[in-house]
Amino acid sequence: MSEAEPIDIEDIDLEEMYQLENLVDMLYPKIQTDDPEALWDRFTHTNPSMAFFKRPTIRQVVESRDSSPLLAQFRTSFFPDLDDAEIERQIFLAMSQGINALNSLFGIHLYDLGFDFLVDPLPDSFNLVDFLSLGREEYLAAKNRGDGSVDNDFLLSAYEKARAYDLGYRILMINGEPRVLASVRNFQSHRAWFKNLFGFWDMQQEDEMYFPSSWMTNAGVRVYGDTEPMRSRVKVLNSDGSVKYDSLLMKLCLREDFFEGIDDFTGVEFVVQDDDSRKN
């Protein structure tokens with residue numbers, strides 16, 4: 001046996017080590033509970049027991065090479081008027097959106113370490129039966145090795161497929177949530193109402209770095225901004241008006257797949273010159 005080479009302390013990236021220690025605490029918080037396995041019961045698709053691939057419907061789809069039993073469940077929950085081909089396309093789009101949202105969360109919260117967790121996109125040639133069949137094959141190959149050991153590479157690959165399916169399902173839940181639909185539908189009309197109320201006019205250029213423009217209002221108060229006289233937002237939408245899937249996915253996990261408590265309001269911000277103008 002060759003002697004191990006000594007480690008040079010200068011070769012150790014202490015900042016990276018510190019990040020990794022924090023990462024473990026972030027991903028696996030110390031939860032005080034007598035039944036930690038019960039915490040996973042709410043995650044029916046991504047439970048580490050991999051019960052997803054044991055579900056009768058999944059087995060039926062894989063063994064019969066027919067996705068219609070599973071698509072029928074999606075039709076009942078989300079797409080009452082769509083045929084099987086369009087439902088499968090919507091599932092693919094939702095799974096892709098979920099993967100994008102998860103990758104966004106990795107970048108936001110894990111910083112440079114997030115690159116190690118990025119999920120690969122689904123292939124354009126996606127087929128739901130093939131996708132689930134491969135996942136179940138990998139799960140069985142990981143478990144049925146004959147010597148009691150587990151092939152972690154196969155198990156991880158199977159888990160990633162169950163996770164992608166779960167992300168797609170949650171995206172469809174978000175898309176069908178009345179609170180989200182109301183925000184998407186009403187946000188622009190709320191903005192238009194404020195613009196009509198204040199009647200922004202007389203745009204001028206200002207010698208200010210952060211507020212290079214100003215507008216007069218019907219209230220006789222000048223407001224300042226960049227390209228618009230007011231800033232506005234709702235919690236479930238990004239600044240461009242698209243649904244904030246990454247944030248909503250986090251809320252769904254924290255609230256055990258219930259949207260209760262996720263209330264939303266339109267927030268509007270005006271920048272004025274001084275306190276007297278603000279009071280007006």
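In this text, residue positions in the sequence shown follow the working numbering: the first is 1, and each later residue adds one. Ideal Cβ positions, reconstructed from N, Cα and C, are used throughout, including at glycine. Quantities reported herein were computed from a predicted structural model and do not represent experimental measurements.
Status (buried if at least 16 other CB within 10 Å, exposed otherwise) for residue i
i: Y18; result: With a pLDDT of only 47 at Y18, under 50, the local geometry of the prediction cannot be trusted, and the value read off the model is given with reservation. Exposed.
i: D246; result: buried
i: S77; result: exposed
i: P229; result: buried
i: M203; result: exposed
i: F267; result: Residue identity check: residue 267 is Gly in the sequence provided, not Phe. That one is exposed.
i: S239; result: exposed
i: Y111; result: exposed
i: D66; result: exposed
i: Y139; result: buried
i: L254; result: exposed
i: I7; result: With a pLDDT of 34 at I7, under the threshold of 50, the modelled position of that residue is not reliable, and the figure given next carries that caveat. With fewer than 16 Cβ atoms within 10 Å of its Cβ, I7 is classed as exposed.
i: A142; result: buried
i: A94; result: buried
i: M209; result: exposed
i: L118; result: exposed
i: G168; result: buried
i: G98; result: buried
i: A101; result: buried
Beta-carbon gap between residue i and residue j smaller than 8 Å
i: D84; j: S68; result: yes
i: S232; j: R191; result: yes
i: V180; j: V243; result: yes
Paired residues, beta bridge with residue i - DSSP
i: L237; result: V243
i: E269; result: R231
i: W215; result: V223
i: W201; result: M216
Assumed close pair residue i, residue j - CB separation to whole angstroms, cut-off 8 Å
i: V271; j: Y224; result: 4 Å
i: L122; j: S157; result: Rounded, the Cβ-Cβ distance is 14 Å, inconsistent with contact.
i: I91; j: R75; result: In fact, because the Cβ distance is near 11 Å, the residues do not count as touching under 8 Å.
i: D153; j: H45; result: With a Cβ gap of about 20 Å, D153 and H45 do not count as contacting.
i: F53; j: G114; result: With 8 Å as the limit, F53 and G114 do not qualify as a contact, their Cβ atoms being about 28 Å apart.
i: L237; j: F187; result: 6 Å
- prompt: Below 8 Å, can you find three or more Cβ-Cβ pairs linking the stretch 144–162 to the stretch 202–217?
  reply: no
Is the number of C-beta pairs between the stretch 60–67 and the stretch 118–134 that are closer than 8 Å three or more? Counting C-beta pairs with one atom in each stretch, the stretch 60–67 and the stretch 118–134 have three or more that are closer than 8 Å, which means they touch.
Taking contact to mean 3 or more Cβ pairs, one atom from each stretch, closer than 8 Å, check whether the stretch 91–110 and the stretch 235–251 are in contact. yes
* Asked: Three or more beta-carbon pairs under 8 Å between the stretch 158–167 and the stretch 192–200, yes or no?
  -> Contact fails: fewer than three Cβ-Cβ distances are below 8 Å.
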